[in-house]
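Position one of the sequence shown corresponds to residue 7 (the numbering used here), numbered consecutively onward. Here a beta-carbon is modelled for each residue, glycine too, at the ideal position from N, C-alpha and C. Everything numeric in this text was worked out from a predicted model, so none of it was measured.
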Amino acid sequence: SPVLTAHPTEVQRQSILQAERDIAAQLERRDHADASERQRIELVLKARITQLWQTRMLRTQKLTVADEIENALSYYHTTFLRELPQLYAQWEQALDDAYPRGGGWQLAPFFRMGHWIGGDRDGNPFVTAATLRHALQRQAATALRFYLDEVHALGAELSMSTQLVRASDALKALADASPDRSPHRADEPYRRALIGAYARLAATLRTLTGETSLRHEVGHAEPYAHAGELLAELDTVEQSLHTHHAASIAQLRVAPLRRAVQVFGFHLATLDLRQSSDVHEATVAELLRHAGLCADYAALDEAARRQVLLQALADPRALRVRQAGYSALCTGELEVFEAARDALARYGRDAIRQTIISHTEEVSDLLEVLLL
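This is the structure:
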């Protein structure tokens, strides 16, 4: 899976990138426009090019880690959240064309996104536990706000009435569980179900990020415990559409959102942790010294290090000593691992799946991370 990272020498501004994207989109539209529309497009192109010429191209200030996080997330708004579900659909169609099967192909979500930004501490003192928490919170907000927009749009579109077409019992139950009690939508179970999903997503956004949705929900609802609950509700909507003469709507509108939830969950992308083995070694040495398990871990050869680490891993006693006066380096590393533990509980196990150890040479380099 692709992994997004950032480089400290990055100078391209989002203003420039957005203007270039707009120009490219207008040029594509121009190729298929009639004479009257082409005139309007020419005016838009002139405006965008003028904007581009009069905009400062390079940054005058160095990017912060928070800036780098927002820059990476901008690609989700413009590309990944919409295009990856379409890519899956194209793969499935290609497989169905080559190897037809009843019911079509349903690929498992094998293609996911990864990030280093906010988790790569190797040589970057500005990446801390607070940075890690911020990165994951912003990722979750990006995913959830996209789902909120899509569910709101679906609620406007799926206006089917039970006076004209039936709905599944599961869909009716989902609609009845919605906080929407408007008599104007009493015969519109899809809308009521999606209004309920919107309310639950808004509650999830508040719970995971502390942020509020742009559009207020119609009533109180419990947050989703995990993305699988939202996925199950979308399955219910999609299956009811398929079985009641609206398969085209299910394929065109619900399936892409369902795939997005499969791929991005509530965490958006897996955030990799990265640190040098030298830092892990220094942290472990300090912990072992204060715990009275090894006075000088750094002086040990590889065999002795493995023995000490395996003994520490087998020891049920806590390695950390209260009020031990750990160094800033040791405290910072411990806080990062605590933040990672909290993130897994908050956003799910896919939020952080890998830790990368730079300059790994020995088995002890791996055991040190396991101990931490």
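| task | Inspect the beta-carbon positions of phenylalanine 272 and threonine 337 and report whether they are closer than 9 Å. | result | The residue given as residue 272 occupies position 266 in the sequence shown. The residue given as residue 337 occupies position 331 in the sequence shown. Going by C-beta atoms, phenylalanine 272 is not nearer than 9 Å to threonine 337.
* To do: Look at the alpha carbon of alanine 275 and the alpha carbon of alanine 41, and state the distance between them as a whole number of angstroms.
  => Working through the sequence shown from its first residue, we reach residue 275 at position 269. Working through the sequence shown from its first residue, we reach residue 41 at position 35. Spanning the two alpha carbons is a distance of roughly 44 Å.
Kindly indicate which three-state DSSP category histidine 296 falls into: helix, strand or coil? Position 290 of the sequence shown, counting from 1, holds the residue named residue 296. Reduced to three states, the DSSP call for histidine 296 is helix.
With H, G and I counted as helix, E and B as strand and the rest as coil, what does DSSP make of isoleucine 362?
As a working mapping, residue 362 is identified with position 356 in the sequence shown. Three-state result, isoleucine 362: strand.
| Range of the contiguous beta strand (DSSP E) that encloses arginine 187 | Position 181 of the sequence shown, counted from the first residue, corresponds to residue 187. Where arginine 187 is concerned, there is no enclosing beta strand (DSSP E), given that its DSSP letter is neither H nor E.
*CA-to-CA distance, tyrosine 153 to leucine 138, given in whole angstroms*: Taking the sequence shown and counting its residues from 1, the one referred to as residue 138 is at position 132. Taking the sequence shown and counting its residues from 1, the one referred to as residue 153 is at position 147. Whole-angstrom Cα-Cα distance: 23 Å.
Checklist entry - According to DSSP, is valine 157 helix, strand or coil? => result Working through the sequence shown from its first residue, we reach residue 157 at position 151. Helix.
Check: Are the beta-carbon atoms belonging to leucine 325 and alanine 334 less than 9 Å from one another?
Finding: For the purposes of this step, residue 325 is taken as the residue at position 319 of the sequence shown. For the purposes of this step, residue 334 is taken as the residue at position 328 of the sequence shown. Not closer than 9 Å, so no.
**Item:** Check whether glutamine 143 and aspartate 278 have beta carbons under 9 Å apart
**Value:** Taking the first residue of the sequence shown as 1, we reach residue 143 at position 137. Taking the first residue of the sequence shown as 1, we reach residue 278 at position 272. No, they are not a contact pair.
Is the separation between the beta-carbon of proline 262 and that of proline 106 shorter than 9 Å?
As a working note, residue 262 is residue 256 in the sequence shown. As a working note, residue 106 is residue 100 in the sequence shown. No.
message: Assuming glutamine 20 is part of the alpha helix (DSSP H), what are its boundary residues?
response: In the sequence shown, residue 20 corresponds to position 14, counting from 1. 20 to 36 is the extent of the alpha helix (DSSP H) around glutamine 20.
What do you reckon, are the CB atoms on tyrosine 303 and arginine 312 nearer than 9 Å? Mapped onto the sequence shown, residue 303 falls at position 297. Mapped onto the sequence shown, residue 312 falls at position 306. It is not a contact, given that the beta carbons lie outside the stated cut-off.
(message) I'd like to check one pair, leucine 177 with alanine 208: are the Cβ atoms closer than 9 Å?
(response) Here residue 208 refers to the residue found at position 202 of the sequence shown. Here residue 177 refers to the residue found at position 171 of the sequence shown. Contact: no.
Any alpha helix (DSSP H) of 4 or more consecutive residues that is wholly inside the segment 224 to 283 | 233 to 249 and 261 to 270
**Report entry** Residue nearest to leucine 373 in terms of C-alpha spacing, selected from Val290, Ser165 and Ala104
**Finding:** As a working mapping, residue 373 is identified with position 367 in the sequence shown. When each option's Cα is compared against that of leucine 373, the closest is Val290.
> Whose C-alpha, out of Arg151, Leu33 and His286, is nearest the C-alpha of histidine 365?
Replying inline: Stepping through the sequence shown from its first residue, residue 365 is reached at position 359. Measuring from the Cα of histidine 365, the nearest candidate turns out to be His286.
* Hey, how far is the Cα of aspartate 103 from the Cα of phenylalanine 116? -> Taking the sequence shown and counting its residues from 1, the one referred to as residue 103 is at position 97. Taking the sequence shown and counting its residues from 1, the one referred to as residue 116 is at position 110. Computed Cα separation, rounded: 21 Å.
- Message: Using a Cβ-Cβ cutoff of less than 7 Å, which residues in the same chain neighbour glycine 109 once the five nearest sequence positions on both sides are dropped?
- Response: One-based indexing of the sequence shown puts residue 109 at position 103. Closer than 7 Å at Cβ, skipping near neighbours: no residue.
Report task. Starting from leucine 97, trace the alpha helix (DSSP H) both ways and give me its first and last residue. Result -> As a position in the sequence shown, residue 97 is number 91, starting the count at 1. For clarity, residue 97 is tryptophan in the given sequence; the question names leucine instead. Segment 87 to 104, the alpha helix (DSSP H) holding tryptophan 97.
- request: Assess, as a yes-or-no matter, whether the segment 177 to 190 is touched by the segment 223 to 237 under the definition of 3 or more beta carbon pairs within less than 8 Å.
  value: yes
Q. Among Ile201, Asp356, Leu247 and Tyr353, which has the Cα closest to the Cα of glutamate 384?
A. With the chain running from 7 to 378 in the structure shown, residue 384 is simply not present.
Q | Assigned exposure category for valine 71 - 16 Cβ within 10 Å defines buried | A | Here residue 71 refers to the residue found at position 65 of the sequence shown. Flag for valine 71 reads buried.
Check: What does DSSP give as the partner residues of leucine 316 in its beta bridges?
Finding: Stepping through the sequence shown from its first residue, residue 316 is reached at position 310. Leucine 316 is not bridged to any residue.
So, helix, strand or coil for glycine 125, using DSSP? Here residue 125 refers to the residue found at position 119 when the sequence shown is read from its first residue. Glycine 125: coil per DSSP, three-state reduction.
inquiry  = Between which two residues does the alpha helix (DSSP H) holding aspartate 182 run?
reply    = Locating residue 182 in the sequence shown gives position 176, where the first residue counts as 1. That run of the alpha helix (DSSP H) goes 175 to 182.
### Task
Thinking valine 314 and leucine 299 are a contact (beta carbons under 8 Å), I'd like their distance in whole angstroms, please.
For this step, residue 314 is matched to residue 308 along the sequence shown. For this step, residue 299 is matched to residue 293 along the sequence shown. Valine 314 to leucine 299, Cβ: 7 Å. Contact.
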